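To keep things clear, I will list the structure first and then write my remarks on it.
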Amino acid sequence: MSNPTAIGSTVIDTAEIDALIGDGPAAWDAAGRIPVELLRKLGASGVLCAEVPARFGGPGADPLANGALTAHVGALCSSLRSIMTVQGIAAAAIRRFGDREQRRRLLADLTSGRLAAVAFSEPGAGSDLSGMATRIRPVGDGSGDVLVTGEKMWITGAAYADVILVLGLHGEGPDGAAVVVPTDAPGVTVEPVPNPLGCRAATHCRVLLDEVRLPAETVLGGGRQPLPLLFTTALSYGRMSVAWGCVGILRACLAAATADARSREQGGVRSADHQLVARHIAELYTSERIAAQVCRYASEQWQRGATDMGVAAVLAKQVAATHAARGAAVAVQVLASRGYTDDHVVARAYRDAKAMELIEGSTEISQLILAQHALDTT
Amino acid sequence: MTTMNPGIDAAGVEKQLIAFLAERTGAEPAPEQDLFDAGLVSSMFAMQLVVHLEDEYDIEIVGPELSMDNFRSVRAMSALVLRLRDSEGEGESDREI
Numbered sequence: 003m004s005n006p007t008a009i010g011s012t013v014i015d016t017a018e019i020d021a022l023i024g025d026g027p028a029a030w031d032a033a034g035r036i037p038v039e040l041l042r043k044l045g046a047s048g049v050l051c052a053e054v055p056a057r058f059g060g061p062g063a064d065p066l067a068n069g070a071l072t073a074h075v076g077a078l079c080s081s082l083r084s085i086m087t088v089q090g091i092a093a094a095a096i097r098r099f100g101d102r103e104q105r106r107r108l109l110a111d112l113t114s115g116r117l118a119a120v121a122f123s124e125p126g127a128g129s130d131l132s133g134m135a136t137r138i139r140p141v142g143d144g145s146g147d148v149l150v151t152g153e154k155m156w157i158t159g160a161a162y163a164d165v166i167l168v169l170g171l172h173g174e175g176p177d178g179a180a181v182v183v184p185t186d187a188p189g190v191t192v193e194p195v196p197n198p199l200g201c202r203a204a205t206h207c208r209v210l211l212d213e214v215r216l217p218a219e220t221v222l223g224g225g226r227q228p229l230p231l232l233f234t235t236a237l238s239y240g241r242m243s244v245a246w247g248c249v250g251i252l253r254a255c256l257a258a259a260t261a262d263a264r265s266r267e268q269g270g271v272r273s274a275d276h277q278l279v280a281r282h283i284a285e286l287y288t289s290e291r292i293a294a295q296v297c298r299y300a301s302e303q304w305q306r307g308a309t310d311m312g313v314a315a316v317l318a319k320q321v322a323a324t325h326a327a328r329g330a331a332v333a334v335q336v337l338a339s340r341g342y343t344d345d346h347v348v349a350r351a352y353r354d355a356k357a358m359e360l361i362e363g364s365t366e367i368s369q370l371i372l373a374q375h376a377l378d379t380t
Numbered sequence: 004m005t006t007m008n009p010g011i012d013a014a015g016v017e018k019q020l021i022a023f024l025a026e027r028t029g030a031e032p033a034p035e036q037d038l039f040d041a042g043l044v045s046s047m048f049a050m051q052l053v054v055h056l057e058d059e060y061d062i063e064i065v066g067p068e069l070s071m072d073n074f075r076s077v078r079a080m081s082a083l084v085l086r087l088r089d090s091e092g093e094g095e096s097d098r099e100i
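As you go down the protein sequences, you meet chains V and R in turn. Counting in our numbering, the first sequence runs from 3 upward without gaps. Counting in our numbering, the second sequence runs from 4 upward without gaps.
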């Protein structure tokens, strides 16, 4: 897994990433923080949003190569992978919705060490767009400035972010807008939620926006996009990233379980030779293969620009997250007391994988989308 | 896909879009009907629609072109398609830089 990942004409040196991560993840999880200098270093190398094209300063990875990179990091640290996810969402939204000047300026920022978060969820609006209350209002005094007001919840990585891409209603709606809010702007408050279940070092924050006044050039493409389009475009990148991260979780669990089953002896035989343990290993292996294949399919659909790419991302996220949650529980079962403390890779995986069933569309919301797709198309 | 749509005009694009929407949503919209008000465009379908237009008419829809005004109705989308096809090669696309 330490071989460089070939990416188009570029090569991302995962050995360098591994060296930077080292044995940090368990301590970061306990502390609830990743050293921000490390995030900036990774950001400056472009790997936090690896699909940004070279002409904008990024590595120019295609979706499959970025998936492989995401799984690689996901196997080591789901908190760091979560930071990749939100930086990548911000970059994808800027690429799609930003005007030419915004694409150049903001994508250069995101590949030179500046850190981004993205704000969708609100206390009254998780997956339900009709509950959206955040407003991005033109001031209307001829300056072109906007006022951003709202409350966002569960914003991953906001504790580290230099900018937060905030989605809300443009004016009084119903159209939407996405605005790049510097976290040091007057009226912005970021409060990390204490003691989250999983991805503890990613940070999950409440973000308060109190009449934050920003210039027109912070609103991507001038705003007034269809709100569903803004959300689905941004969320779809997130779903792909989470899905590949879950493949990484499964790979870490499989490696830990097989290593333990090979080395541990019980009743004079290897743990792996107990049939019930062997079944656990088989199930973990099967989960990893299923998750990897469904992610590969979704990435290929993205690479092709297929019209079902959004649904393929939901499917990948749904399958990978449920298998990761189940697989991590199996790995804890195999390792038992040897994996029972919070600092162990399988214990972290157990907590982190459960979180993956909740974010970017919970398992239940994903099922609703998949059911609707099936009803519409078959 | 340019070769599949040689010499397209507004009426032709509208007809194709109405057929596409009818197939995907089960309801045939009128050219000027507000698709979002009518609830014909779900979250997932909004993105599919953009990808479909880009692929079918060999255009790129980014930045300010994604404004609601360009997607509200079949007529608006048709106008967007024709305008972007006309401006093709004028350097609007960041993929061509």
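We put the CB at the ideal spot given by N, CA and C, even for glycine. In this text, all values refer to a predicted model and were calculated from it rather than measured experimentally.
query                                                                                                                                                                    : result
Is V120/V buried or exposed, if buried means 16 or more other CB atoms sit within 10 Å of its CB?                                                                        : buried
Within 8 Å, do at least three Cβ pairs link the segment 80-93 of chain V to the segment 102-120 of chain V?                                                              : yes
Shorter than 8 Å from the beta carbon of Q51/R to some beta carbon of chain V?                                                                                           : yes
Of all Cβ atoms in chain R, is any one closer than 8 Å to the Cβ of A274/V?                                                                                              : no
Are any of the Cβ atoms in chain R nearer than 8 Å to that of R98/V?                                                                                                     : yes
Excluding five sequence neighbours on each side, which residues of the same chain lie with their C-beta closer than 8 Å to the C-beta of T235/V?                         : A94, A95, R98, F99
Against chain R, with Cβ distances strictly below 8 Å, would S238/V count as a contact?                                                                                  : yes
Check the Cβ-Cβ distances between M47/R and every residue of chain V, and say whether any is below 8 Å.                                                                  : yes
Roughly how many angstroms lie between the CA atoms of A308/V and F48/R, to the nearest whole one?                                                                       : 13 Å
C79/V to W246/V, Cα distance in whole Å?                                                                                                                                 : 13 Å
Quick one: grab the DSSP three-state call for M71/R.                                                                                                                     : helix
Which full runs of the alpha helix (DSSP H) of 4+ residues lie inside the segment 9-77 of chain V, going along the chain?                                                : 16-23, 26-33, 38-46
Do the CB positions of L109/V and V75/V come within less than 8 Å of each other?                                                                                         : no
Can you say whether P188/V is buried or exposed, counting buried as having 16 or more other CB atoms within 10 angstroms of its CB?                                      : exposed
What would DSSP say about G170/V, mapped onto helix, strand or coil?                                                                                                     : strand
Between G34/V and T113/V, which are expected to be in contact by the criterion C-beta below 8 Å, what is the C-beta distance as a whole number of angstroms?             : Contact doesn't hold; Cβ gap of about 27 Å is too wide.
Would you mind reading off the limits of the beta strand (DSSP E) that contains M155/V?                                                                                  : 148-158
Go through its chain and collect everything with a Cβ distance to A204/V's Cβ below 7 Å, but skip five positions before and after it.                                    : S81, S84, I85, T158, G159
Check each candidate in H325/V, A314/V, V49/V and name the one with the smallest Cα separation from A293/V.                                                              : H325/V
I think G15/R touches G223/V, with their Cβ atoms under 8 Å apart; what is that distance to the nearest whole Å?                                                         : Incorrect: roughly 28 Å between the Cβ atoms, too far for contact.
Only counting runs of 4 or more residues, tell me where the alpha helix (DSSP H) segments fall wholly within the segment 260-331 of chain V, in order along the chain.   : 277-306
Tell me the rounded alpha-carbon separation between A52/V and F39/R.                                                                                                     : 34 Å
Judging by CA-CA distance, which residue of A322/V, S273/V, A349/V is the nearest neighbour of A73/V?                                                                    : A322/V
Can you tell me the Cα-Cα spacing of L317/V and A355/V, whole angstroms?                                                                                                 : 16 Å
Please name the residue, chosen from Q104/V, V88/V, A349/V, that lies closest to L252/V on a Cα-to-Cα basis.                                                             : A349/V
Is P217/V close to the ligand SAH? I mean its beta-carbon at under 7 Å from any heavy atom of the ligand.                                                                : The ligand SAH is absent from the structure shown, which contains no ligand whatsoever.
Alpha carbon to alpha carbon, how far is R306/V from R272/V?                                                                                                             : 47 Å
For chain R, check one thing: does any of its Cβ atoms lie closer than 8 Å to the Cβ of L231/V?                                                                          : yes
In angstroms, rounded to a whole number, what distance separates the CA positions of Q369/V and V296/V?                                                                  : 15 Å
For P230/V versus V44/R, is the C-beta distance shorter than 8 Å?                                                                                                        : yes
For chain R, find out if any of its Cβ atoms is closer than 8 Å to the Cβ of V141/V; answer yes or no.                                                                   : no
So within the segment 191-274 of chain V, which uninterrupted beta strand (DSSP E) runs reach at least 3 residues, ignoring any that extend past its ends?               : 206-216
Is the Cβ-Cβ distance between A161/V and V190/V less than 8 Å?                                                                                                           : no
Taking the alpha-carbon positions, what's the A179/V to T260/V distance?                                                                                                 : 48 Å
Enumerate in chain order the residues of its own chain whose CB-to-CB distance from E359/V is below 6 Å, with the five nearest sequence positions on each side excluded. : A323, A327, T365
Check this for me: beta carbons of V195/V and I166/V, under 8 Å apart or not?                                                                                            : no
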